Each structure stands twice: as structure tokens, then as C-alpha cells.
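The number in the working numbering is simply the position in the sequence shown, starting from 1, with 27 added. Glycine included, each C-beta is placed from N, C-alpha and C at the ideal position. All figures in this text were calculated on a predicted structure; none of them were measured in a lab.
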Amino acid sequence: MAKLFELSEENFNLIDEMFQQTGMHNYIDLKILGTSKSKPDEIVKVAKISPIAEYVGKCPDSVSCVVYEEAFDRLDEDTKKLIIEDAFAQIAYDSEKDKIVMGCPMIKMSIGGRAKYGEKLGNALELAATMVIEIEEEKKAAKEAEKASKNKKNG
């Protein structure tokens with residue numbers, strides 16, 4: 028497991044400021060940490076803190092933001108902000124259910140494919156992801172309609 032540590036004050040403040048701008052700080056406690064190594068696609072990784080960690084750390088409704096600081100420091104300010112903003116897009120708070128919701132539609136693109144096809148490939152992958160979401164929603168709606176139909180017959 029990679030070592031975790033406190034980020035430099037400059038990086039911590041940048042991430043915290045961007046989180047404050049989302050308005051989620053009213054519902055979610057963000058824990059910002061650095062790490063000594065990472066996967067290439069996880070320079071900034073956000074995740075809901077486990078129930079055990081929430082209990083032990085007495086930090087309910089918490090999300091971690093773990094930054095591979097050595098790589099992050101080599102980026103320019105605009106790139107840092109773009110990556111952080113994209114990472115925060117994966118966090119939401121469902122006020123009706125009073126819980127943190129993690130995840131959003133994601134696409135994976137190879138660096139070689141991006142270099143060769145650029146935005147065209149990105150758009151194609153986004154379209155494909157949208158199709159998968161639509162199919163899942165259609166299946167869910169069909170299941171609910173079938174369930175409602177059965178309940179109507181039995182009731």
C-alpha cells in the first residue's frame with residue numbers, strides 16, 4: 028500500500044478552495060491526502076470513506092481525495108484545476124436519502140487512440156457510454172412496469 032501524507036499547503040488550499048466552490052462542503056466532509064504512488068489514471072482519486080473509517084475517525088459523511096503529489100506538482104495550474112474539477116464531478120449528495128452518492132458515467136480512452144483520433148474518439152466513447160446508460164434505464168423501467176403489472180393483477 029502506498030504511503031499517505033499531508034499535502035503541501037499550496038495544493039491543499041487549491042483543492043479545498045475548489046471543493047468549497049462546489050457547495051458540497053455543507054453536506055460532505057472532504058479529507059485531502061497525498062500518496063507516494065498511483066496508477067496513471069488516478070493522479071487525483073476521490074472515494075467515499077468506509078463505514079469503519081467513518082466510525083473510527085468520527086467523521087461521518089466523508090469523502091477522501093488522494094493526490095499523487097509528485098506528478099500533480101509537475102502540472103500547470105489550469106491542468107490541476109481541470110483534473111480536480113473532473114474528480115469532484117464523481118461526488119454528489121442525495122438530500123432525499125441523506126447520503127453521499129459516488130460515481131458518474133466514465134469513459135476510458137487509450138493515449139494512443141486519443142493521439143490518433145482526438146475528440147472524434149472521445150465523442151464516440153461518450154456516445155457508447157450514453158447508449159449503455161439508456162439501455163440500463165430501459166431495462167429498469169421495463170422491470171418496474173412488469174412488477175407494477177403483477178401487483179395490479181394480484182391486488
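Here the region 33-43 does not lie against the region 73-91, with fewer than 3 beta-carbon pairs under 8 Å apart. Within the same chain, and ignoring the five residues on either side of residue 43 in sequence, the residues whose Cβ sits closer than 8 Å to its Cβ are 57 and 59. DSSP, reduced to helix, strand and coil, places residue 76 outside both helices and strands of the structure shown, so it counts as coil. Distance from residue 109 to residue 134 at the Cβ level is roughly 16 Å; contact not present, criterion being Cβ atoms closer than 8 Å. Sixteen is the threshold: when 16 or more other Cβ atoms of the shown chains lie within 10 Å of the Cβ of residue 61, as they do, the residue is buried. In the DSSP assignment, residue 129 falls within the unbroken beta strand (DSSP E) covering 126-129.
Residue range 56-62 is occupied by the beta strand (DSSP E) that includes residue 60. Taking C-alpha positions only, residue 176 is separated from residue 163 by approximately 20 Å. With a cut-off of 8 Å on Cβ pairs, the region 108-126 is not in contact with the region 155-173, counting fewer than three such pairs. Each of 126, 171, 93 and 67 was checked against the Cα of residue 138, and the nearest Cα belongs to 67. The Cβ atoms of residue 91 and residue 71 do not sit closer than 8 Å to each other.
The Cβ atoms of residue 136 and residue 118 do not sit closer than 8 Å to each other. Ranked by Cα distance from residue 31, the first of 84, 52, 45 and 93 is 93.
Along the length of the region 96-157, whole alpha helix (DSSP H) runs at least 4 residues long occupy 96-99, 104-115 and 138-144, reported in chain order. Under DSSP, residue 94 takes part in a beta bridge, and its partners are 61 and 71.
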